[in-house]
Structure formats: structure tokens, C-alpha cells
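Everything on this sheet refers to the single structure shown next.
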Amino acid sequence: PLDLARRQFEAINARWNRLEPGQHQIDAFSIPAPPRDGRAAGEGIAALRVEASTAKGRAQTAGTIFFLHGGGWVFGNVRTHLGAMARLAEHSGCVVVGIDYGLAPEAPFPHGLNDCLWAWRWLRSQTTTNGEDDAPWFIAGDSAGANLALSTVIELREAGEALPDAALLFYGVYGADHSTPSHRRCGDGSFGLSSAKMAWYRKHYLAGGRGH
Numbered sequence: 102p103l104d105l106a107r108r109q110f111e112a113i114n115a116r117w118n119r120l121e122p123g124q125h126q127i128d129a130f131s132i133p134a135p136p137r138d139g140r141a142a143g144e145g146i147a148a149l150r151v152e153a154s155t156a157k158g159r160a161q162t163a164g165t166i167f168f169l170h171g172g173g174w175v176f177g178n179v180r181t182h183l184g185a186m187a188r189l190a191e192h193s194g195c196v197v198v199g200i201d202y203g204l205a206p207e208a209p210f211p212h213g214l215n216d217c218l219w220a221w222r223w224l225r226s227q228t229t230t231n232g233e234d235d236a237p238w239f240i241a242g243d244s245a246g247a248n249l250a251l252s253t254v255i256e257l258r259e260a261g262e263a264l265p266d267a268a269l270l271f272y273g274v275y276g277a278d279h280s281t282p283s284h285r286r287c288g289d290g291s292f293g294l295s296s297a298k299m300a301w302y303r304k305h306y307l308a309g310g311r312g313h
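Under this note's numbering, think of the first position of the sequence shown as 102, with each following residue one higher.
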């Protein structure tokens, strides 16, 4: 069952999220967003802002990384990937902002992607309003989050909007072809993720029947 599987996912990921006290500034906030299936009016998109203590107090940070977590479009949130966000902040000197986009199958494609686009545009509008538009903006994601990050960039390009200064895409999923050399070599699940599991994730993500 999904509720049990999600709790298990969170428990497994907990080991990656142990942070040294006082090393990071972590702030939770909500991004105003329009209602959609599964989100009531005024609910917004939960977000987390992470900054390394070594970067705190500088006149200007190295920029902002908009981070989209992995989990097969079905699992995960900003808390399950807090460790990844914190380490990105430490090694880059950037502020890292992650969001809880809508998860499938309750919020199938394109809801999650739409949340990513909405959050990116809202965050960028805030920096423009506050006169902080000079620092670079990056987009990042792991696994399904890398897929959403790349999809966000493509959507922005097609809309003629300003693109991120760079994209950090970690072990992303970019295709549905299970006959590739990597699937033939590793798809039996020996390395944890199998072709069958990928098909299960994709089935949930496309449960709304809005394209492949």
C-alpha cells in the first residue's frame, strides 16, 4: 500500500539526513499556488530553504539552487532529501530551495511538473521584486527530480522565458525505453532499481492519461 511504502521510503532515507547541529540554516515556508486536484484553495506548495552556516552573512551568496527531489514521482519530499540539499548548499555556497511537488498517483502528470514550473516562476519573481536578480539561479534534481528539472527547463524554453544558468541533473530518468544497454545490464534489480520498478513508477506518474 502506498501509505506504507511511503513511510518505508522515508525510514530508509533517514540515514542520509543526519546533519551536524548548527551547520545549516533551515527555513520552512509555503509558496502561494492555485488550487488543483488534491490541493485546496489557499493551501500552497510546501518548501524548504537551506543555507550552510559557512555561507551565512556573506554580502552575496553564490546563487540559488532550485532542487527537485527524486522518488519515482511517487515518493519523497523535502525532508527525505534534506541531506542532499544540505550538502549541495555546503559544497556550492548557494542557497538551496526545495519543494513538495504533487506526487502520483494522486497528482499524476502534469500536476507535479506544473507545481515545479509555478514554484520556479514564483521564486524568480520574488528575487526580481526584491532587487536580488543579479545572482545566478540553478535548477537541480535527482532521479525523477532530474526528469522534472529537465522538463521544467524545456517548458521554460518553449515559453520563451529566461532559463536557469545551469542544470545539475543527478542520475536522471529521461526515457521509457527498457531495451537500452543499461536496462539489459542492470534491470534485473541487482543494483536496487529494476526495469519492473521503473515501469511501476511510470504507470503511476502517467495515471492521468495525459501523455508519455
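Cβ coordinates follow ideal geometry from the N, Cα and C atoms, glycine included.
For G184, the uninterrupted alpha helix (DSSP H) segment begins and ends at 183 to 193. Remark: fewer than three beta-carbon pairs, one from each stretch, lie closer than 8 Å, so the segment 161 to 171 and the segment 119 to 136 are not flagged as touching. Ranked by how close their Cα comes to the Cα of L214, the residues A187, A250, Q109, M186 have A250 in first place. E152 sits in a strand when the DSSP states are folded into three classes. In the three-state reduction of the DSSP assignment, R119 falls in the coil class. Only buried fits T181, as 16 or more other CB atoms lie within 10 angstroms of its CB.
The C-alpha of G173 is placed about 26 Å away from the C-alpha of D128. In the displayed model, L264 falls within coil according to three-state DSSP, outside both helix and strand. With 16 or more other Cβ atoms inside 10 Å of its own Cβ, P265 counts as buried. The beta carbon of G123 sits closer than 7 Å to those of S154, all from its chain and outside the five residues before and after it, given in chain order.
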